[in-house]
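Engineer:
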Amino acid sequence: MGTDNKSCVGEFILLGLSSDYDTQVFLFLLFLTTYLVTVLGNFLIVLLIRLDSRLHTPMYFFLINLSLVDVSYATSIVPQLLAHLLVEHKVIPYVSCAVQLFFSLSLGGIEFVLLAVMAYDRYVAVCDPLRYSVIMHGGLCTRLAITSWVSGSINSLMHTTITFQLPMCTDKFIDHTSCEILAVVRLASVDTSSNEVAIMVSSIVLLMTSLCLVLLSYIKIISTILKIQSILGRKKAFQTCASHLTVVVLCYGMAIFTYIQPHSSPSVLQEKLISLFYAISMPMLNPMIYSFRNKEVKGACEKLLGQLSGLTSKLAS
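In the numbering used here, the protein residues as written are 1 to 317.
1) Give the straight-line distance between the Cα atoms of residue 215 and residue 141, rounded to the nearest whole angstrom.
2) Could you have a look at residue 168 and say whether DSSP puts it in helix, strand or coil?
3) Nearest CA to the CA of residue 286: which residue from 147, 123, 73?
4) Does any CB atom of chain D fall closer than 8 angstroms to the CB of residue 15?
5) Grab the span of the alpha helix (DSSP H) containing residue 93 for me, first residue to last.
6) Measuring only the C-alpha atoms, how far is residue 268 from residue 306?
7) Under the assumption that residue 169 contacts residue 189 (Cβ atoms under 8 angstroms), give the Cβ distance between them as a whole number of angstroms.
8) Look at the Cβ atom of residue 247, then the Cβ atom of residue 219, and state whether they are nearer than 8 angstroms.
9) For a quick check, are the C-beta atoms of residue 179 and residue 92 less than 8 angstroms apart?
10) Check residue 154 in the structure and name its three-state DSSP category.
11) For residue 97, I'd like the list of residues in its chain whose CB is within less than 6 angstroms of its CB, leaving aside the five on either flank, ordered along the chain.
12) Residue 13 lies in the beta strand (DSSP E); which residues open and close that run?
13) Kindly list the residues whose CB is nearer than 7 angstroms to the CB of residue 128, restricted to its own chain and excluding five residues on each side of it in sequence; keep chain order.
14) Among the residues of its own chain, which have a CB less than 8 angstroms from the CB of residue 124, if the five just before and after it don't count?
15) Contact between the segment 42-59 and the segment 19-33 is defined here as three or more beta-carbon pairs at a separation below 8 angstroms; is this criterion met?
16) Taking the runs of the alpha helix (DSSP H) that are 4 residues or longer, which of them lie wholly in the segment 19-83?
17) Closest by CA to residue 252, which one among 17, 114, 197?
18) Quick one: using the 10 Å Cβ neighbour count with 16 as the cut-off for buried, is residue 309 buried or exposed?
19) Decide if the segment 73-92 is in contact with the segment 157-165; the criterion is three or more beta carbon pairs, one per stretch, under 8 angstroms apart.
20) Anyone know if the C-beta pair for residue 122 and residue 212 falls short of 8 angstroms?
21) Which whole-angstrom value is the C-beta distance of residue 90 and residue 176, which I expect to be below 8 angstroms?
22) Does DSSP classify residue 174 as helix, strand or coil?
23) Answer with buried or exposed for residue 231, where buried requires no fewer than 16 other C-beta atoms within 10 angstroms of its C-beta.
24) Whose CA, out of 274, 299, 33, 245, lies closest to the CA of residue 117?
25) In chain order, what residues of the same chain have a beta carbon less than 6 angstroms from the beta carbon of residue 254, not counting five sequence neighbours either side?
26) Please look up how many angstroms separate the CB atoms of residue 276 and residue 173, rounded, as I've assumed it's under 8 angstroms.
27) Comparing C-alpha positions only, which one of 111, 234, 229 sits nearest to residue 144?
28) Could you please give the first and the last residue of the uninterrupted alpha helix (DSSP H) stretch that includes residue 270?
29) If the criterion is Cβ atoms closer than 8 angstroms, does the pair residue 126 and residue 64 meet it?
30) So what does DSSP say about residue 229, is it helix, strand or coil?
31) Could you pull the start and end residues of the alpha helix (DSSP H) that residue 202 belongs to?
32) Name the two residues that bound the continuous alpha helix (DSSP H) containing residue 134.
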């Protein structure tokens with residue numbers, strides 16, 4: 001991924017969202033606050049799951065993985081974005097751009113596969129609850145998590161390698177807030193139609209395959225829920241999937257809108273806003289969605305706060 005004889009560029013300049021100083025200061029404060037909430041929220045989720053034995057189940061094991069992915073994804077984008085909001089020349093070295101692209105693509109792909117794995121977990125929990133602990137045993141959960149991380153990383157490595165083999169001699173200005181793949185590909189001084197096809201094919205394989213698995217899981221889940229006679233039973237069964245389903249709709253919806261059809265992709269401004277949504281909003285929203293809509297997580301949080309309150313009272317006395 002280093003600079004070779006195909007590239008004449010040693011560094012890139014990111015154009016960002018705005019060149020107005022006051023606007024950049026406002027965005028810096030907004031993004032910094034959001035990033036801190038993201039880090040604290042996701043690490044709180046991880047801490048609660050680790051400390052409360054009631055949450056030592058496959059669903060929360062996958063939720064830990066999702067939180068780690070979210071924090072890592074935000075960290076691959078936001079610190080560099082914050083630094084650039086405070087300087088006039090938003091320079092990023094060639095190698096750093098390649099590394100950022102690799103990690104952002106990798107973590108994004110991992111999240112999509114992980115959401116499909118979590119959908120399968122919910123399918124087993126709702127459709128075959130008596131055998132849930134037997135099917136979703138520790139070994140299978142570990143293998144599914146590893147598959148998510150490996151598949152996303154391999155997909156990202158392929159795209160990063162192909163993208164940074166393109167000759168980039170005529171332009172070093174990336175009209176984006178980060179080294180996003182479509183924005184980098186546009187810098188090439190040759191026809192990039194093959195790269196666009198590769199992006200589309202990869203998106204279909206990674207996104208659509210995992211999305212199909214999610215849809216199949218939820219078709220089975222909804223079919224099973226509708227067969228439940230008790231209204232209370234239906235509500236309880238649906239509540240076990242509501243948080244995951246909310247995250248699925250947000251993540252897959254944005255990704256399909258952005259990447260499936262590169263030739264008819266949204267405007268550059270839309271691309272920037274969607275990228276920021278993934279890097280800043282989604283990692284912050286995920287822990288909120290899973291905590292506000294999940295009685296078990298809220299119960300673990302109340303338990304932890306009670307323990308901290310009791311400890312504080314003892315220390316004060």
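Glycine included, C-beta positions come from ideal geometry on N, C-alpha and C. Since the model is a prediction, treat every value here as computed from it, not as a measurement.
Structural biologist: Concretely, from the data shown:
1) Along the sequence shown, read from residue 1 onward, the residue named residue 215 stands at position 215. Along the sequence shown, read from residue 1 onward, the residue named residue 141 stands at position 141. Between residue 215 and residue 141, the C-alpha separation is close to 20 angstroms.
2) Taking the sequence shown and counting its residues from 1, one reaches residue 168 at position 168. The answer is strand: DSSP assigns residue 168 an E or B state.
3) Taking the sequence shown and counting its residues from 1, the one referred to as residue 286 is at position 286. Of 147, 123, 73, the residue nearest in Cα terms is 73.
4) Considering every chain present, this structure includes no chain D. It has just one protein chain.
5) Mapped onto the sequence shown, residue 93 falls at position 93. Premise fails: residue 93 lies in the beta strand (DSSP E), 91-93, not in any alpha helix (DSSP H).
6) Working through the sequence shown from its first residue, we reach residue 268 at position 268. Working through the sequence shown from its first residue, we reach residue 306 at position 306. For residue 268 and residue 306, the distance between alpha carbons rounds to 48 angstroms.
7) Here residue 169 corresponds to residue number 169 of the sequence shown, with the count starting at 1. Here residue 189 corresponds to residue number 189 of the sequence shown, with the count starting at 1. Confirmed, Cβ separation roughly 5 angstroms.
8) As a working mapping, residue 247 is identified with position 247 in the sequence shown. As a working mapping, residue 219 is identified with position 219 in the sequence shown. No, these two residues do not count as a Cβ contact at 8 angstroms.
9) Locating residue 179 in the sequence shown gives position 179, counting from the first residue. Locating residue 92 in the sequence shown gives position 92, counting from the first residue. Yes, Cβ-Cβ distance for residue 179 and residue 92 is below 8 angstroms.
10) For the purposes of this step, residue 154 is taken as residue 154 along the sequence shown, with counting starting at 1. Correct three-state label for residue 154: helix.
11) Residue 97 sits at position 97 when you count from the first residue of the sequence shown. Within the same chain, residue 97 has close Cβ partners 12, 179.
12) As a first step, residue 13 is located in the sequence shown; it is residue number 13 there, counting from the start. Counting along the chain, the beta strand (DSSP E) containing residue 13 begins and ends at 11-14.
13) Sequence index remark: in the sequence shown, residue 128 carries index 128 (1-based). These residues qualify, in order along the chain: 135.
14) Counting from one through the sequence shown, the residue named residue 124 turns up at place 124. If we look at residue 124 and ignore the five residues flanking it on each side, its Cβ neighbours are 131, 132, 135, 136.
15) no
16) 21-51
17) Within the sequence shown, numbered from 1, the residue matching residue 252 stands at position 252. Checked all of 17, 114, 197; the closest Cα to residue 252 is 114.
18) Within the sequence shown, the letter at position 309 stands for residue 309. With fewer than 16 other Cβ atoms within 10 Å, it is exposed.
19) no
20) Taking the first residue of the sequence shown as position 1, residue 122 is located at position 122. Taking the first residue of the sequence shown as position 1, residue 212 is located at position 212. Result no, Cβ atoms of residue 122 and residue 212 do not sit closer than 8 angstroms.
21) Position 90 of the sequence shown holds residue 90. Position 176 of the sequence shown holds residue 176. The Cβ separation is near 10 angstroms, so there is no contact.
22) Your numbering for residue 174 matches position 174 in the sequence shown. Residue 174 falls in the strand class under three-state DSSP.
23) Taking the first residue of the sequence shown as 1, we reach residue 231 at position 231. Exposed, since its Cβ has fewer than 16 Cβ neighbours within 10 Å.
24) Here residue 117 corresponds to residue number 117 of the sequence shown, with the count starting at 1. When only C-alpha atoms are compared, the closest one is 245.
25) Here residue 254 corresponds to residue number 254 of the sequence shown, with the count starting at 1. Taken in chain order, the residues that qualify are 274.
26) One-based indexing of the sequence shown puts residue 276 at position 276. One-based indexing of the sequence shown puts residue 173 at position 173. Their Cβ separation, rounded to whole angstroms, is 19 angstroms, which puts residue 276 and residue 173 out of contact at 8 angstroms.
27) Translated into the one-based positions of the sequence shown, residue 144 becomes position 144. It is 111 whose Cα lies nearest to the Cα of residue 144.
28) What you label residue 270 is simply residue 270 of the sequence shown in a count that begins at 1. 268-276 is the span of the alpha helix (DSSP H), which, as asked, contains residue 270.
29) As a first step, residue 126 is located in the sequence shown; it is residue number 126 there, counting from the start. As a first step, residue 64 is located in the sequence shown; it is residue number 64 there, counting from the start. No, the pair does not count as a contact, with Cβ atoms beyond the cut-off.
30) Residue 229 sits at position 229 when you count from the first residue of the sequence shown. In this structure, residue 229 counts as coil in the three-state DSSP scheme.
31) Indexing the sequence shown from 1 puts residue 202 at position 202. 193-203 is the extent of the alpha helix (DSSP H) around residue 202.
32) Residue 134 sits at position 134 when you count from the first residue of the sequence shown. 132-135 is the span of the alpha helix (DSSP H), which, as asked, contains residue 134.
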